[in-house]
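In order, the protein sequences belong to chains L and R. Residue numbers for the first sequence follow the numbering used here, so the first one is -16 and each next one is one higher. Residue numbers for the second sequence follow the numbering used here, so the first one is 67 and each next one is one higher. Beta carbons: idealized from backbone N, C-alpha and C, even for Gly. Here the structure is a predicted model, which is why all the values come from computation and not from measurement. To start, the structure under review is shown below, and the notes come after it.
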Amino acid sequence: MKVMGAVDLRRDKDSSVVLVSPDSFPEAIKATIPSYPHLITITAVHIDGGIELIYSFDNLRGEMRNIIVRLPEKEASIQSISSYLKGSYIYEMEVRDLFGVNFLGHPIPSARLLLPDSYPTNAPPPLLKTVSLEQLSRILDEAQRQEPPTMLTPVTGSSRYSVESLVILPFGPYHPALKEPEHFAIALEGERIVEAMPRIGYVHRGIEKLAENRTYLQVLFLVERVCGICSFHHSWTYTMAVEKLLGITPSKRAEYLRTLVAELERIHSHTLWIGLLGYWSGFDTMFMWLWSARERIMKLLEMIAGNRVNKSFITIGGVRRDVSDEKLKIILREIAEFEREFRKITDEVMSYDPLIERVRGIGSYNAETAILSGAVGPVLRAAGIPYDIRKIEPYGAYPEISFNVITGSRGDVLSIADVRVRETFESIEIIRQVIEKIPSGNPVPPTFFTGGGRDGEAIARTEPPRGELYYYIRGRTGMKTPYRVKIRTPTLPNLVLASEALKGYTLSDIPLILTMIDPCFSCEDRAIVYVGRRDPFIVKLHRTPPREISGGCTL
Amino acid sequence: MARDNLRMIRKSPWVFHFNSGGCNGCDIEVVAAFTPKYDVERLGMTLTSSPKHADILVVTGPVTRQVAGSLKMIYDQMPEPKIVIAIGTCACSGGIFRGGYNVIGGVDKIIKNVICVPGCPPNPRAIYSVIKKLYDNKIGGDEGNGSSRS
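So this is what it looks like as structure tokens:
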């Protein structure tokens, strides 16, 4: 049975998988992009003495196309595609950091994105199969012993890079306007931002390498801790991919319960974000109101799963415990109460002129910029593109539930806030339908899955609160651990868009614009080092965001 | 030192929150502890954005190689006496990420005398009760009773 939301690469006989040689690769990409404009991610796998790159595209209507290129293990290099699709530069940096693949013509030729600055330049890239976790730790501990950690001088943030009237302002990693550590080099002309260059990797924990050293069941608990806000979606997407790989079908009731928890998670995440919008625009009362309303949802999650954040509710083949009818009734009652409360607060704040004036037209972008950057989730939908995995590639109980995909008319902070508010109400409706339609049966598998994998690969996608989440799993017969787990979180492509949207605004708008994408740096940093000094990049800057679709990378 | 800690918490303790590589789970629960339901602000606490104004350093997440230097620097900037609370299992010991190539371990690898609050993440109620104990002078950064590590 074909599990929704996953494809089996290579075993599928349709045209969704194309194997190309490195020579014919640029042509294949050029031919693909006009009909498949959304690059989901670039997955790299070190296998059989070579590196396989899988470029996954989507046509924004749920049809995927995977272009696979095989490169030699030593001195792997391939043409960068960032001149066709701007957003791809960040995925290429990730692959370069973790696999040592060189991308020819990359706009930022030597900078690191994820690995720490202390990572020795001659050390092997961490995700190669030829290097073990112990070897890596030994190399890094040795490097650290020779050079104890110090506060890093931001590579991009020195005034010696200043040209003419431009000033580079280092922003972060620990800055009052950021809740999570990340660094931005902001090029300013006066107070106006002309360029923003992210450097992430402060929260990089090496989850993808750890996953290759743990069993299938242990990885479930590991991926749940990729992100503490969409923890359930991470475990669900991983489970979906494993179930696809091993041919396990969960019961209907389990699928409904998963959908229920996923939608509760969306409500709590959106409420949290709308509260933070108030916080960043100086409206603390709004922050307190919304976070107080959110506690009701957290209580429900605690009741269902026993924990508020990392719920460990899901397991391979089903869920870990059933939810009784009494509890479902409590959820219905509490959700109605939440809806009343939430409506009152959002009616109040979304019609409050000072807030509207503060956020309208801030961080504006159009649909084209969003697609080129690879944006996903409410950020893409606010620009009018109805890209929602729940609708285009239904999984869980979504095929049997009717709901609307919420879109906005123009991309800016206000429009995104509006999309998130309306999505919260939509989620409440979904929960009502789930509870009404939930079938009976036993959702709990008799034992935990303790088996190993088998040869094959699987892709699973879901729609967490922040947008499309993508998991790729490769298994090997006889191996207790996954051969490769690739995670693409929604914040990574959205960050490219946020850097674009910052251009033209002032310093005081940075918190609002960065928060607009609901960034979750713990997500994108999970697996990734920064080598060498950056070239002075300002010389190549564009002063205005490019409008044409073949705009190319401006970094 | 212990005496200093006791004296210190007679004033309203200000908190600097440091994410050393956490998954956002503990971070959100720390912030939730400041919002109306738990409301540690009633104890006069507030989140400050400068370590130079902070009495308590709250650390969440395993310490990654990239932030280790920053953590040491921020700790050094705090005025004496200092109290460090590691919120969550990761900050206490590295947790589930222990053994990862980019993870050094818990906060104790960088700073000594850490009050550990394990949990994945600890409930805001737990965070509140630790802060209340601090406030009531039941524990100090240096005394090393049940929940303190030195």
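Under a criterion of Cβ atoms nearer than 7 Å, no residue of chain R is adjacent to L:F321; the nearest Cβ is some 14 Å distant. The alpha helix (DSSP H) runs of length 4 or more contained entirely in the segment 401 to 485 of chain L are, from start to end of the chain, 474 to 485.
Contact annotation: L:Y74 and L:T15 have beta-carbon atoms that are not nearer than 9 Å.
Per DSSP, reduced to three states, the secondary structure at R:D121 is coil, with no helix or strand assignment.
Where L:V225 is concerned, the enclosing alpha helix (DSSP H) starts and stops at 214 to 229. For a Cβ distance threshold of 9 Å, nothing in chain R lies close to L:S264: the least Cβ distance comes to about 17 Å. Straight-line measurement puts the Cα of L:G435 at about 6 Å from the Cα of L:M462. L:I50 is bridged by DSSP to L:V1, L:Y38. If you draw a straight line from the Cα of L:I328 to the Cα of L:W272, it is about 7 Å long. For L:M271, the enclosing alpha helix (DSSP H) covers residues 267 to 288.
The three-state reading of DSSP puts L:S252 in helix, counting H, G and I together. I162, F163, G165, G166, Y167, N168, V169: these are the residues of the segment 148 to 180 of chain R whose beta carbon lies less than 7 Å from some beta carbon of chain L, given in chain order. Of all residues in the segment 199 to 231 of chain L, those with a C-beta nearer than 8 Å to a C-beta of chain R are F204, L205, R208, V209, C210, G211, I212, S214, reading in chain order. Looking at L:T352, L:G211, L:S120, L:E412, the one whose alpha-carbon comes closest to that of L:T242 is L:E412. Here L:D492 is buried, its C-beta having at least 16 other C-beta atoms within 10 Å. Taking all protein chains in view, the Cβ of L:G346 is crowded by 16 or more other Cβ atoms within 10 Å, so the residue is classified as buried.
Residue environment analysis places L:G261 among the buried positions, since at least 16 neighbouring C-beta atoms fall within 10 angstroms of its C-beta. At a cut-off of 9 Å between C-beta atoms, L:E75 does not count as an interface residue with respect to chain R. The beta carbons of L:R249 and L:I421 sit no closer together than 9 Å. For L:V186 and L:G173, the gap between their C-alpha atoms comes out near 32 Å.
For L:I399, the three-state secondary structure derived from DSSP is helix.
Straight through space, the alpha carbons of R:W80 and R:G171 are spaced by roughly 26 Å. Residues are counted here when their Cβ sits less than 8 Å from a Cβ of chain L; for the segment 180 to 191 of chain R these are C186, P187, N189, given in chain order. Residues of chain R with a Cβ closer than 7 Å to the Cβ of L:H253 do not exist, since the nearest Cβ in that chain sits about 14 Å away.
In the DSSP assignment, L:E178 forms a beta bridge with L:A170. For R:R131, the neighbours in chain L by C-beta distance under 8 Å run, in chain order, P99, S101, Y102, L123, Q127, P132. The alpha-carbon separation between L:L36 and R:V169 amounts to approximately 27 Å. In this chain, the beta strand (DSSP E) harbouring L:P153 covers 149 to 154. In this structure, the CA atom of R:T130 is about 42 Å from the CA atom of L:L315. For L:A358, the secondary structure class from DSSP, reduced to helix, strand or coil, is coil. Looking at the DSSP output, L:L87 shares a beta bridge with L:Q62. Just so you know, the alpha carbons of L:S60 and L:A27 end up roughly 13 Å apart. Taking the C-beta atoms as reference points, L:P473 is found nearer than 9 Å to L:L452. Every alpha helix (DSSP H) stretch that sits fully inside the segment 178 to 213 of chain L and reaches 4 residues is listed by chain position as 190 to 194, 199 to 207. In this structure the segment 158 to 176 of chain L does not lie against the segment 187 to 197 of chain R, because fewer than three pairs of beta carbons, one per stretch, are closer than 8 Å.
Residues of the same chain with a CB within less than 6 Å of the CB of L:S71, apart from the 5 flanking positions on each side, are L22, I64, S65 in chain order.
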